[in-house]
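First residue of the sequence shown: 750, per this note's numbering; consecutive thereafter. Where a beta carbon is used, it is the ideal one built from N, C-alpha and C, also for glycine. This report concerns only the one structure given below.
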Amino acid sequence: MTESNDYIETDQEQEEGHVDTREQNFDCEDKDPNLGCDPGIDVAG
Numbered sequence: 750m751t752e753s754n755d756y757i758e759t760d761q762e763q764e765e766g767h768v769d770t771r772e773q774n775f776d777c778e779d780k781d782p783n784l785g786c787d788p789g790i791d792v793a794g
């Protein structure tokens with residue numbers, strides 16, 4: 750059997766929250782006012 754690593758947050762950790770690492774995904778040089786950033790995904794259609 751595999752060993753499981755269960756982790757339960759403490760009350761202090763829940764109050765502090767988590768760092769949002771997704772914020773950089775929304776930063777771009779040429780942001781379109783309607784569409785936002787170009788993710789660079791081309792779709793055939």
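Return helix, strand or coil for Asp791, following the three-state DSSP convention.
-> Reduced to three states, the DSSP call for Asp791 is coil.
Work out the CA separation of Ala793 and Gln773 for me, nearest whole Å.
-> About 27 Å.
Alpha carbon to alpha carbon, how far is Gln761 from His767? Give it in angstroms, no decimals.
-> CA-CA distance, His767 to Gln761, rounds to 12 Å.
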